[in-house]
Each structure stands twice: as structure tokens, then as C-alpha cells.
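Peer 1: Okay, here's the structure, questions in a sec.
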Amino acid sequence: MNEPTAPANAPALSLEPWLRDILRCPATGATLVDGLGPDGEPELVSTDPDNPLAYPVRGGIPVLLVDDARQVRPGAPVPRDGVSAP
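Quick note, the sequence shown lines up with residues 1266 to 1351 if you use our numbering.
This is the structure:
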């Protein structure tokens, strides 16, 4: 299985590989990939095609609270394995 990689324009989060492997979206269980929010801040984006959520990263720490998640626009490309969907 291929490891998710960050899009070229996403800042790299300094997460240990073992932690990256176990992090999942708390709402859907989908894998998370690096992304950028509308404000240009780093976030982790769920790869779930039906309910993609984006979780903020504050001070280098992912905040995996559903109440703090941002709904990714319906119809917007969702990063999958670090590459934007067509």
C-alpha cells in the first residue's frame, strides 16, 4: 500500500511515521492527508468521499475534534494519497 504524501503546496507536518500511520478521521475512520485551509494554514484532510472533513493543525499539533473540523465543500477535489482528485 502506498503511503500518503503531501501535496507540493502543503507544509510538511513533523509527525512521526508511526503516528501518521495510525491517525484517522475520528468521524469516519478515513485516512488523513496534509492540506491547506482557506486561510493558508495547515490542516489534515479526511479522504472519505462522502463526508470529507478538514481538521486544523495548531502549533504543529493536529486538532482531531469533530466540533473543530471544517466541512470540505461538496464537489471540491479531496486530496487522496496526497494528490488532488480530478
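Cβ coordinates follow ideal geometry from the N, Cα and C atoms, glycine included.
1. With DSSP as the reference, label Pro1321 as helix, strand or coil.
2. Within 10 Å of its beta-carbon, does Glu1308 have 16 or more other beta-carbons around it, so buried, or fewer, so exposed?
3. Could you confirm whether any beta carbon from chain D is found closer than 8 Å to the beta carbon of Ser1311?
4. When DSSP labels each residue in this structure, what does Asp1299 get in the three-state scheme?
5. Counting only the same chain and skipping the five closest in sequence on each side, list residues whose C-beta sits under 8 Å from that of Gly1302.
Peer 2: Result, derived from the coordinates:
1. The answer is strand: DSSP assigns Pro1321 an E or B state.
2. buried
3. No chain D appears in this structure, which consists of one protein chain only.
4. strand
5. Glu1308, Ala1319, Pro1321 and Arg1335
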